[in-house]
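Here is the structure we will look at, set down as C-alpha cells.
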Amino acid sequence: MDNLPIVEVKGISPALQVPPAGKIWQKEDLAAAVEILDRLNRRGELEESGSGLLYEIGRINVSNFNGRQNSRSAHIILYTTDDRLIIWGAEIEKWQRYLEATDEQKIARLFSYYKEKGTLLGGVKYIDLKEPQQTIPLPIDKY
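For the sequence shown, this note's numbering puts the final residue at 417, and the numbers step up evenly by one.
Listed below in C-alpha cells is the structure:
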C-alpha cells in the first residue's frame, strides 16, 4: 500500500444518522472532495510528470462547502503535506456561479505549476486556482 496516496478530508458536516455498514454515505461535501481527487488522479495518469502530484496533497478542507461559513471565502481548500494552501474554490461544475476559473483551468494551472517546479512543496505560501487568469476580449474592444 506504499503507492496509494492517502488524503484526509476535513470539515465534513455532521451526519444526523450514520448509514449501516455497506451502505453509501451520501454527503455532498465528501462527494465534492472525492470528485476533485478523482479528477486530479485522472489528470496525473495522463501526464507522466504529474503522476506524483496527488501524493503531495495531504488534506482537503470542505468546512466552508457551499459557503456555509462564509459565502465570500473559498468553499474548498486543499493543503499540501507541508501545509501550503491550494485555494480551489467552489465544487466541481459550480465555478460559473461564483465567476471562478473553470474546473479544467484549475486542474491545468495546478499541474502546470507542479510541472514547472517539480513539486508543490516548499515554494509559495499558497496557490490560488479559483481566480480566472485570462481576460476575455469583448466585442467592444475591437471598435
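Heads up, the beta-carbon is just placed ideally off N, CA and C, and yes, glycines get one too. The structure presented is a predicted model; accordingly, all values stated were derived computationally and were not measured.
The three-state reading of DSSP puts W369 in helix, counting H, G and I together. Around the CB of N335, 16 or more other CB atoms lie within 10 Å, so the residue is classed as buried. By the CB criterion at 7 Å, A307 and V283 fall inside the cutoff. The residues W369, in chain order, have a CB closer than 7 Å to that of T376 in the same chain once the five nearest residues on each side in sequence are set aside.
Three or more beta-carbon pairs separated by less than 8 Å are not found between the region 290-299 and the region 352-360, which leaves the two stretches without contact. P279 is positioned such that its CB atom lies closer than 7 Å to that of L328.
Judged by DSSP in its simplified three-state form, N344 adopts coil rather than helix or strand. The DSSP-derived three-state label of V292 is coil.
If you check the CB distance, G363 and E378 do not come in under 7 Å.
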